[in-house]
Structure formats: C-alpha cells, structure tokens
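Structure first, then comments.
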Amino acid sequence: MAASKALSSRSASQASRGRVLPDDACPNCGTRLLEKRGRLRLPVNGEEISVPSARFLRCPKCGEIVLGFQDSKRLHEDASAIYRKRHGLLSADEIRVVRERFGLTQANLARLLRLGANTVSRWESGRNVQTAAMDILLRLIRDLPGSIDYLRSHAA
Ligand SMILES: [Zn+2]
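For reference, each letter of the sequence shown is one residue, going 3 to 158 in the numbering used here.
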C-alpha cells in the first residue's frame, strides 16, 4: 500500500520546520497532492519511532510526502506518546497533573528544575520528551512529600 511507505527522517524534520506550500501542489513535480493516512517514522531522542496512522499529503506521481502544520504537530505528539510508553516515562498528561497538584505554572516548574522557560510546555504538548533523569525527578516531586519545598528553598 503506497500510503504505508515510510517517510525518511530527513523529510520528517523538514516538515516539522513548517515548510509551507502556497497550494496543494507537489514541491517536486507540481502534481496535486492527495490526503493519505499511513505509517510514518520520526526520530525521538535519536530513536526511530513508527507512528501507525499518521495523516499526510502524498504526490501520486513522484511519491513526495508533505506534512501540513497540523499533521506535523500531531505526528510529533503521537511519536512522543509512543516513545514515552515504550520507555516507561510519564505521559504528557501525567506531567501536567503533577505540576497542577502543586499549583505551578509551566514556567514555575521549569524554573525550579533549572530548565529553559519553554521546556515544560514542550513536554506537555508532546513537542519534546523529558529525559530519564528529569522523569525520575518528576516522580520524586510527585511521590516524595516535601520535594517541592526543597526545590523552592534551593531555587536559582
Ligand atoms: Zn510529485
């Protein structure tokens, strides 16, 4: 099945940078692209993740695959969720629940963990995945009473 043809890592990262086409024409040959659903691969933390039913546009003539902004966003979210499940990491929702339990904004939590201001936001939207080290720290905050107070008293 043509739609199941894997997208190369290179194409996926190009799409994720938001290449915008003026219309629905193939960037290679100008043929009108068709909407497809199928398996695409995307690297997450250096590991190739296979997303089973990604949406994308495909050129019926030359096979070029193009992802629109929403499709690309969804592909990253799905790939992050699969990666987290495979590695036993907290899901985006679980991270949000931990943060909200302590009444922290995304920026607050990022500051306490000495991360870039947008890092927690990226975790919760599935744009990035937390490292295993950060994952265990989030679990400590969730499960060990007093952890947040400790972080607050040692805030940078
Ligand atoms: Zn084409």
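Backbone N, C-alpha and C fix where the C-beta goes; we use that ideal spot for every residue, glycine too.
Can you give the Cα-Cα distance for residue i and residue j, rounded to whole angstroms?
i	j	result
Asp-145	Val-100	9 Å
Trp-125	Asn-30	34 Å
Thr-33	Pro-62	8 Å
Thr-133	Ser-123	15 Å
Thr-121	Leu-36	35 Å
Phe-71	Ala-27	16 Å
Leu-142	Gly-48	26 Å
Pro-54	Ala-112	32 Å
Arg-103	Glu-96	11 Å
Gly-148	Lys-87	28 Å
Gly-65	Phe-58	12 Å
Val-68	Ser-74	9 Å
Buried or exposed for residue i, please, with buried defined as at least 16 other CB atoms from any protein chain shown within 10 angstroms of its CB.
i	result
Gln-108	buried
Ile-39	Just to set this straight, residue 39 is Arg in the shown sequence, not Ile. Exposed, because fewer than 16 other Cβ atoms sit within 10 Å of the Cβ of Arg-39.
Gly-128	buried
Ala-119	exposed
Ala-135	exposed
Between residue i and residue j, is the Cβ-Cβ spacing less than 8 Å?
i	j	result
Tyr-85	Ile-51	yes
Leu-153	Leu-92	no
Leu-77	Leu-114	no
Ala-81	Arg-116	no
* Curious, which full-length beta strand (DSSP E) runs of at least 3 residues does the region 20-78 contain? -> 36-46 and 49-60
* Asked: Unbroken beta strand (DSSP E) runs of length 3 or more, entirely within the region 81-130: which are they?
  -> none
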